[in-house]
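Take a look at the structure below.
Number of protein chains: 2
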Amino acid sequence: MATSPTPSAKNSLLKLESQICFPVYAVSRLITKAYQPLLHALDLTYPQYLVFLLLWEHEQLTVKELGEKLLLDSGTLTPLLKRMEQKQWLSRRRDPRDERSVIIGLLPAGRALEAQAQQIPMQMLNKMHMPEAEIVALRAHLTHLLTQLA
Amino acid sequence: MATSPTPSAKNSLLKLESQICFPVYAVSRLITKAYQPLLHALDLTYPQYLVFLLLWEHEQLTVKELGEKLLLDSGTLTPLLKRMEQKQWLSRRRDPRDERSVIIGLLPAGRALEAQAQQIPMQMLNKMHMPEAEIVALRAHLTHLLTQLA
DNA sequence: TAATGTTTGATTGTGTACAATTTATTTCTC
DNA sequence: GAGAAATAAATTGTACACAATCAAACATTA
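Protein sequences, first through last, are from chains A and B.
If you're matching positions, the first sequence starts at 0 in numbering that gives the first Met the number 0 and goes up one per residue.
If you're matching positions, the second sequence starts at 0 in numbering that gives the first Met the number 0 and goes up one per residue.
Written out as structure tokens, the structure reads:
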């Protein structure tokens with residue numbers, strides 16, 4: 000006979016350990032925490048580091064482009080970028096050809112940080128204690144999920 | 000001859016797309032955003048929902064136990080739990096046998112939410128558009144990484 | 001080209017996160 | 001059993017994160 004599942008059944012989907020979402024959430028915070036001592040030496044937070052990853056590669060991006068690449072909106076980026084501007088790491092100016100856009104440009108102090116950040120990815124890989132193959136597989140799964148949700 | 004890699008080399012580890020960490024961070028936020036419309040109907044945030052997952056299962060837990068299971072500290076949990084207390088979802092009282100501990104107990108209004116939350120996990124699985132096998136594999140990888148970083 | 005609609009950032013308000021410190025309580029050790 | 005060490009929350013301060021709203025600039029089209 001078909002019994003409807005009780006709310007607190009052992010195999011309930013409403014259990015923390017059954018969820019895919021909680022491990023993502025927890026790992027994300029643990030990763031940020033693992034970065035913290037490495038980034039603290041550069042006076043950076045993790046989201047600020049992500050902005051630098053893009054600026055080191057592209058030198059100059061609009062707020063919109065940063066938001067598209069990081070999946071963050073202006074409510075998050077504007078105050079974050081203002082703090083980074085105060086530290087002379089980057090410049091914020093309106094695009095003369097389209098005054099709606101704000102162009103974020105790398106300043107010398109920000110460019111200089113790239114050299115100091117060289118070792119960070121390797122140090123993080125060491126902290127994770129995971130074989131390359133597993134990292135690649137994990138990234139593939141996550142990227143897939145990213146496209147499903149974005 | 001051994002040339003040291005240039006900072007902006009195409010295969011640099013200092014590129015957003017090379018990182019395992021960014022997809023975790025982005026997926027975590029997208030998952031929270033995917034939950035939002037489902038949880039908003041119950042007037043819940045995602046971290047509050049996680050607290051409920053534990054309370055629906057255990058009825059009563061200390062702040063410390065919640066923190067251990069969710070990997071959150073009292074600086075996050077105390078204000079969050081106070082907000083949930085204000086909505087009459089749970090009670091906060093000192094343990095008479097150890098006045099240092101605060102026991103969080105499920106109240107009727109909180110217990111009643113479990114029925115309304117029954118459909119949420121399945122709705123989330125639908126949003127993810129991923130075969131069961133891939134979800135299981137992803138969770139295994141993440142749980143492994145969790146133990147490495149915790 | 002004037003009215004309309006769209007795009008881009010900024011702002012406001014709420015809610016996490018977490019490091020660092022503080023307070024109250026308990027446990028340990030002699 | 002008094003003092004020291006350890007434990008559990010709470011507090012404080014900073015920094016995201018995002019929904020909702022606003023304002024300015026641009027694009028469109030009738």
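Backbone N, C-alpha and C define an ideal beta-carbon position, used for all residues, glycine too.
- Sequence-ordered contacts of the stretch 49-60 of chain B with chain A read L49, L52, L53, W55 and E56 [C-beta pairs closer than 7 Å].
- Under the three-state reduction of DSSP, S27 of chain B is assigned to helix.
- For I30 of chain A, the neighbours in chain B by C-beta distance under 8 Å run, in chain order, C20, V23, Y24 and L148.
- Residue pairing for S17 of chain A: DSSP places it in no beta bridge.
- L37 of chain A has its alpha-carbon roughly 7 Å from the corresponding atom of I119 of chain A.
- By the criterion of a C-beta distance shorter than 6 Å, E113 of chain A is surrounded in its chain by W55, once the five residues flanking it on both sides are discounted.
- Proximity of chain A to R138 of chain B at the Cβ level (cut-off 7 Å) is accounted for by I19 and P22, in chain order.
- Pairing M83 of chain A with F21 of chain A, the inter-Cα distance amounts to about 31 Å.
- Non-local C-beta neighbours of L76 of chain B in its own chain, meaning closer than 7 Å and more than five positions away in sequence, comprise V62, L65 and G66, ordered along the chain.
- Annotation: R96 of chain B to I102 of chain B spans about 11 Å, alpha carbon to alpha carbon.
- Contact annotation: the stretch 21-33 of chain A touches the stretch 13-27 of chain B, with at least three C-beta pairs closer than 8 Å.
- Inside the stretch 98-136 of chain B, DSSP marks whole alpha helix (DSSP H) runs of 4 or more residues at positions 107-116 and 119-127, from first to last along the chain.
- In terms of Cα proximity to L141 of chain B, the closest of A:E133, A:T146 and A:H143 is A:E133.
- Per DSSP, T44 of chain B has no beta-bridge partner at all.
- At a Cβ-Cβ threshold of 8 Å, L15 of chain B and L53 of chain A count as neighbours.
- Annotated three-state conformation of R92 of chain B is strand, per DSSP.
- For L79 of chain B, the enclosing alpha helix (DSSP H) stretches over residues S73 to Q85.
- Those residues of the stretch 106-128 of chain A placed with their C-beta closer than 9 Å to a C-beta in chain B are E113, A114, A116, Q117, I119, P120, M121, M123, L124, K126, M127 and H128, ordered along the chain.
- Between L106 of chain B and S90 of chain B, the C-beta spacing is below 8 Å.
- Under the three-state reduction of DSSP output, L49 of chain A falls in the helix class.
- Chain B has no Cβ within less than 8 Å of the Cβ of L38 of chain A.
- When beta bridges are read from the DSSP output, T142 of chain A appears opposite no residue.
- Within chain A, no C-beta atom comes less than 7 Å from the C-beta of K63 of chain B; the nearest is roughly 16 Å away.
- Among the CB atoms of chain A, one or more fall inside 8 Å of the CB of S27 of chain B.
- A check of alpha carbon separations from R92 of chain B across B:Q147, B:S100 and B:M123 identifies B:S100 as the nearest.
- Distances from the CA of H39 of chain B to each of B:L79, B:S17, B:Q115 and B:S11 were compared; the closest alpha carbon is that of B:Q115.
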